[in-house]
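K.L.:
Residues are numbered in our numbering as their position in the sequence shown, beginning at 1, plus a constant of 227. Backbone N, C-alpha and C fix where the C-beta goes; we use that ideal spot for every residue, glycine too.
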Amino acid sequence: MLRPIRTLAAAAAALALVSACNSASTNGSSPGTPGDAPGNSRGVTSDSVKVGGIVSMTSASGYSKKDTDLGAKARYLRANAEGGINGRKIDYLGAEDDGQDPAKNLAAARKLVQQDKVFAVAPMSSVTFSGADFLEQEKVPTFGWGTLPSFCGPQHIYGFNGCLVPTPGGTLNQTWPEGIGQVLGGAQGRSVAIIANDSDAGKFGIRTFQQGFASAGFKVSYAKASVPATAVPSDWSAYVKEILAANDGKAPDAVVSVMQTPNNIGLFTALKRSGYQGLLSDPTDYDPGLLAKDATKQALDGVHVLLQFQPFESTDPKMTQFKADIKAAAGGQEVPLNMHMLTGYMSADLFVSIAQKAGKDLTVESFQAAAQGFSDTGTLVGDRAEPKGQKDSFGCGALVQLKNGAYEVSVPFKCYEPIPFK
Numbered sequence: 228m229l230r231p232i233r234t235l236a237a238a239a240a241a242l243a244l245v246s247a248c249n250s251a252s253t254n255g256s257s258p259g260t261p262g263d264a265p266g267n268s269r270g271v272t273s274d275s276v277k278v279g280g281i282v283s284m285t286s287a288s289g290y291s292k293k294d295t296d297l298g299a300k301a302r303y304l305r306a307n308a309e310g311g312i313n314g315r316k317i318d319y320l321g322a323e324d325d326g327q328d329p330a331k332n333l334a335a336a337r338k339l340v341q342q343d344k345v346f347a348v349a350p351m352s353s354v355t356f357s358g359a360d361f362l363e364q365e366k367v368p369t370f371g372w373g374t375l376p377s378f379c380g381p382q383h384i385y386g387f388n389g390c391l392v393p394t395p396g397g398t399l400n401q402t403w404p405e406g407i408g409q410v411l412g413g414a415q416g417r418s419v420a421i422i423a424n425d426s427d428a429g430k431f432g433i434r435t436f437q438q439g440f441a442s443a444g445f446k447v448s449y450a451k452a453s454v455p456a457t458a459v460p461s462d463w464s465a466y467v468k469e470i471l472a473a474n475d476g477k478a479p480d481a482v483v484s485v486m487q488t489p490n491n492i493g494l495f496t497a498l499k500r501s502g503y504q505g506l507l508s509d510p511t512d513y514d515p516g517l518l519a520k521d522a523t524k525q526a527l528d529g530v531h532v533l534l535q536f537q538p539f540e541s542t543d544p545k546m547t548q549f550k551a552d553i554k555a556a557a558g559g560q561e562v563p564l565n566m567h568m569l570t571g572y573m574s575a576d577l578f579v580s581i582a583q584k585a586g587k588d589l590t591v592e593s594f595q596a597a598a599q600g601f602s603d604t605g606t607l608v609g610d611r612a613e614p615k616g617q618k619d620s621f622g623c624g625a626l627v628q629l630k631n632g633a634y635e636v637s638v639p640f641k642c643y644e645p646i647p648f649k
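#1: For Gly444, which residues from the same chain have a beta carbon less than 6 Å from its beta carbon, with the 5 sequence-adjacent residues on both sides left out?
#2: Can you give the Cα-Cα distance for Asn424 and Thr272, rounded to whole angstroms?
#3: On the DSSP bridge assignment, give the partners of Val340 in chain order.
#4: On the DSSP bridge list, what partners appear for His383?
#5: Roughly how many whole angstroms lie between the Cα atoms of Tyr319 and Tyr303?
#6: Under the assumption that Ile422 contacts Tyr466 (Cβ atoms under 8 Å), give the Cβ distance between them as a whole number of angstroms.
#7: Please state whether DSSP places Ala596 in a helix, a strand or coil.
#8: Whose C-alpha, out of Ala582, Pro639, Cys623, is nearest the C-alpha of Val676?
#9: My assumption, with CB atoms under 8 Å, is that Ser508 sits in contact with Ala481. Please give the rounded CB distance.
#10: Note down the Cα distance separating Leu518 from Gln525, rounded to an integer number of angstroms.
#11: Going straight from the alpha carbon of Ile281 to that of Glu635, what length do you get?
#12: Would you say the stretch 481-501 touches the stretch 453-468, given that touching needs at least three Cβ pairs under 8 Å?
#13: Within 10 angstroms of its Cβ, does Asp521 collect 16 or more other Cβ (buried), or is it exposed?
#14: Which of helix, strand or coil does DSSP assign to Leu362?
#15: Whose CA, out of His383, Pro489, Lys477, lies closest to the CA of Pro455?
#16: Kindly list the residues whose CB is nearer than 7 Å to the CB of Gly270, restricted to its own chain and excluding five residues on each side of it in sequence; keep chain order.
#17: Please say whether Glu613 and Phe601 have beta carbons closer to each other than 7 Å?
#18: Can you tell which of Lys300, Val410, Asp619, Tyr449 has its C-alpha closest to the C-alpha of Pro381?
#19: Going by DSSP in three states, Phe648 sits in which element: helix, strand or coil?
#20: I need the boundaries of the beta strand (DSSP E) containing Arg611, first residue and last residue.
#21: DSSP state of Gly624, grouped into three classes?
#22: Is Pro376 near Val354, with beta carbons less than 7 Å apart?
#23: To the nearest whole angstrom, what separates the beta carbons of Asn332 and Gly358, a pair I think is in contact under 8 Å?
#24: Taking the alpha-carbon of Val410 as reference, which of Ala557, Ala555, Val532 has the nearest alpha-carbon?
#25: For Ala633, count neighbouring Cβ atoms within 10 angstroms of its own Cβ and tell me buried if that reaches 16, exposed if not.
#26: May I have the straight-line CA-CA distance separating Lys587 from Gly396, to the nearest angstrom?
#27: Please report the distance separating the alpha-carbon of Lys641 from that of Lys545.
#28: Could you tell me how far apart the beta carbons of Gln401 and Pro645 are, in whole angstroms, since I believe they sit closer than 8 Å?
#29: To the nearest angstrom, how far is it from the Cα of Ser250 to the Cα of Asp328?
#30: Starting from Gly571, follow the alpha helix (DSSP H) in both directions and report where the run begins and ends.
#31: So the candidates are Ile384, Gln487, Leu297, Thr590; which of them puts its Cα closest to the Cα of Ser426?
#32: Using the Cβ count rule (16 or more neighbours within 10 Å means buried), how would you classify Asn388?
#33: Is it the case that the Cβ atoms of Gly326 and Ser352 are separated by a distance below 7 Å?
#34: Beta-carbon within less than 8 Å of Lys630's beta-carbon, same chain only, minus the 5 sequence neighbours each way: which residues are those?
#35: Since Gly558 contacts Leu297 with CB under 8 Å, what's their CB separation in whole angstroms?
#36: For Arg500, does the count of other Cβ atoms within 10 angstroms reach 16, so buried, or fall short, so exposed?
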């Protein structure tokens, strides 16, 4: 029952229609309408449950998370092959493209709920999540990578590996600083520079990682969300100059970029050309597809990439299953694996796992009740638990390094004790 992804033109037309009908409500006044209270069962029939996604398929910089959709499709295909969710097939509509545009993100959320009548949104993968308040208001279970504040606190929004940018009172995942500390032989006496885009995600990234690296024992000599979020700089010299003098006039031991691939390529290339010999790291460039271009491969060579899931190089049986599911969803073809696929897959996996526990009578209320006591172990993101994950991260991860044209595990997958966020 999986439907093909809509064309961009069709999506734009549908979004325009939704914009004209913003007064519609999923909890409308007509009796019997799916989604009416009590017992919100919007998108649920006797034999199916409707799910959609919101993904940055395109962006102004050319960066794309489109394979997030393939990952979700792969998990839903297997779930359907195994009998669906308590006998209901998953009717996955595919992902709406928000283009990393806040207005389009909200419009996509409205379309999925008001027009398509989805029960859940899984995955939601973008650097913007302006549709979060709307989805929470409409009580739509929503799943994605918990890298934005909206994944931390709302009752109906879940990060597949927990909350990664918590409010005070929550905790911080220490995988990145602890992993880099291991690579450097210890954090004491080591300095780190952290750089991010001038965006909500970038500012929260700076705030959280600055605290995390300091807690691990690093001296944070530079921490700025200063790189434009809408376009990749053509000249990185000003940023490089600041970074190389940040550690009391000297270069830091490590440079950590909380940015996407096009920015990382530009920054890391400029740093290398300046003669920088320290450690380079980012959380996005674990993508074998990047190795197809020599220039990209050279720019990212030596970079340690943060993962919050088992590396593809792992021999864990669940990773073997993931690879088989992706191949099946790709029509039996071998496709280069990337972290976007796993983002979609694990977003879908958490939704399916909680929905299974909710039982045959699937409503938002029964789903939420199941989530309140949900836990499992040994997944590709470690041990999961709700509602813990709406306040804390699950605390697990690994580092891989691009070396001589291939990725190697530099710090194996491990769960670290989170620290309080202040």
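P.N.:
With the structure as the only source:
#1: Indexing the sequence shown from 1 puts residue 444 at position 217. Result list for Gly444: Ala414, Gln415, in chain order.
#2: As a working note, residue 424 is residue 197 in the sequence shown. As a working note, residue 272 is residue 45 in the sequence shown. Taking the straight line joining both Cα atoms gives about 43 Å.
#3: Reading the sequence shown from its first residue, position 113 is the one you call residue 340. Answer is none; Val340 lacks a bridge partner.
#4: If you number the sequence shown from 1, residue 383 lands on position 156. Per DSSP, none; premise fails for His383.
#5: As a working note, residue 319 is residue 92 in the sequence shown. As a working note, residue 303 is residue 76 in the sequence shown. The alpha-carbon atoms of Tyr319 and Tyr303 are separated by roughly 7 Å.
#6: Taking the sequence shown and counting its residues from 1, one reaches residue 422 at position 195. Taking the sequence shown and counting its residues from 1, one reaches residue 466 at position 239. Ile422 to Tyr466, Cβ: 7 Å. Contact.
#7: Residue mapping note: residue 596 aligns to position 369 of the sequence shown, counting from 1. Helix.
#8: A query on residue 676 cannot be resolved here, the shown segment of the chain reaching from 228 to 649 and no further.
#9: Numbered from its first residue, the sequence shown carries residue 508 at position 281. Numbered from its first residue, the sequence shown carries residue 481 at position 254. That belief holds up - the Cβ atoms of Ser508 and Ala481 are roughly 6 Å apart, short of 8 Å.
#10: Taking the sequence shown and counting its residues from 1, the one referred to as residue 518 is at position 291. Taking the sequence shown and counting its residues from 1, the one referred to as residue 525 is at position 298. So the two alpha carbons sit approximately 9 Å from each other.
#11: As a first step, residue 281 is located in the sequence shown; it is residue number 54 there, counting from the start. As a first step, residue 635 is located in the sequence shown; it is residue number 408 there, counting from the start. Those two C-alpha atoms are separated by around 31 Å.
#12: yes
#13: By one-based count along the sequence shown, residue 521 stands at place 294. Classification of Asp521: exposed, given that the 10 Å Cβ count is below 16.
#14: Within the sequence shown, the letter at position 135 stands for residue 362. In this structure, Leu362 counts as helix in the three-state DSSP scheme.
#15: Position 228 of the sequence shown, counting from 1, holds the residue named residue 455. Closest option to Pro455, Cα to Cα, is Pro489.
#16: Position 43 of the sequence shown, counting from 1, holds the residue named residue 270. Here the set comprises Pro261, Val276, Lys277, Lys344, Val345, Phe346.
#17: Counted from its first residue, the sequence shown places residue 601 at position 374. Counted from its first residue, the sequence shown places residue 613 at position 386. It is a contact, given that the beta carbons lie within the stated cut-off.
#18: Position 154 of the sequence shown, counted from the start, is the residue given in the question as residue 381. Cα-wise, what sits closest to Pro381 is Asp619.
#19: Counting from one through the sequence shown, the residue named residue 648 turns up at place 421. Reduced to three states, the DSSP call for Phe648 is coil.
#20: Along the sequence shown, one-based indexing puts residue 611 at 384. Residues 609-612.
#21: Start at 1 with the first residue of the sequence shown, and residue 624 comes out as number 397. Strand, per DSSP.
#22: Stepping through the sequence shown from its first residue, residue 376 is reached at position 149. Stepping through the sequence shown from its first residue, residue 354 is reached at position 127. It is not a contact, given that the beta carbons lie outside the stated cut-off.
#23: Counted from its first residue, the sequence shown places residue 332 at position 105. Counted from its first residue, the sequence shown places residue 358 at position 131. Between Gly358 and Asn332 the Cβ distance is about 5 Å, and since that is below 8 Å, they are a contact.
#24: Stepping through the sequence shown from its first residue, residue 410 is reached at position 183. With distances taken between Cα atoms, Val410 lies closest to Val532.
#25: By 1-based counting over the sequence shown, the position of residue 633 is 406. The residue is exposed, with fewer than 16 neighbouring Cβ atoms inside 10 Å.
#26: Counting from 1 along the sequence shown, the entry for residue 587 is found at position 360. Counting from 1 along the sequence shown, the entry for residue 396 is found at position 169. Distance between the alpha carbons of Lys587 and Gly396 is about 36 Å.
#27: Locating residue 641 in the sequence shown gives position 414, counting from the first residue. Locating residue 545 in the sequence shown gives position 318, counting from the first residue. Spanning the two alpha carbons is a distance of roughly 16 Å.
#28: Taking the first residue of the sequence shown as position 1, residue 401 is located at position 174. Taking the first residue of the sequence shown as position 1, residue 645 is located at position 418. With 8 Å as the limit, Gln401 and Pro645 qualify as a contact, their Cβ atoms being about 6 Å apart.
#29: On the sequence shown, residue 250 is found 23 positions in, with the first residue counted as 1. On the sequence shown, residue 328 is found 101 positions in, with the first residue counted as 1. In this predicted model, Ser250 has a pLDDT of only 30, less than 50, meaning its place in the structure is not dependable; the value taken from the coordinates is given anyway. Near 22 Å, if we compare the C-alpha coordinates of Asp328 and Ser250.
#30: Residue numbering aside, residue 571 sits at position 344 when the sequence shown is read from its first letter. From DSSP, the alpha helix (DSSP H) with Gly571 extends over 566-585.
#31: Against the sequence shown, residue 426 aligns to sequence position 199. Minimum Cα distance to Ser426 is reached at Gln487.
#32: The count along the sequence shown starts at 1 and reaches residue 388 at position 161. Looking at its Cβ environment, which holds 16 or more other Cβ atoms inside 10 Å, Asn388 is buried.
#33: Looking up residue 326 in the sequence shown gives position 99. Looking up residue 352 in the sequence shown gives position 125. Not a contact, by the Cβ cut-off of 7 Å.
#34: Along the sequence shown, one-based indexing puts residue 630 at 403. Excluding residues within five positions, the ones whose Cβ falls inside 8 Å are Asp528, Gly529.
#35: On the sequence shown, position 331 is the one that residue 558 refers to. On the sequence shown, position 70 is the one that residue 297 refers to. Not confirmed; about 11 Å, so no contact.
#36: Taking the first residue of the sequence shown as 1, we reach residue 500 at position 273. Exposed, because fewer than 16 other Cβ atoms sit within 10 Å of the Cβ of Arg500.
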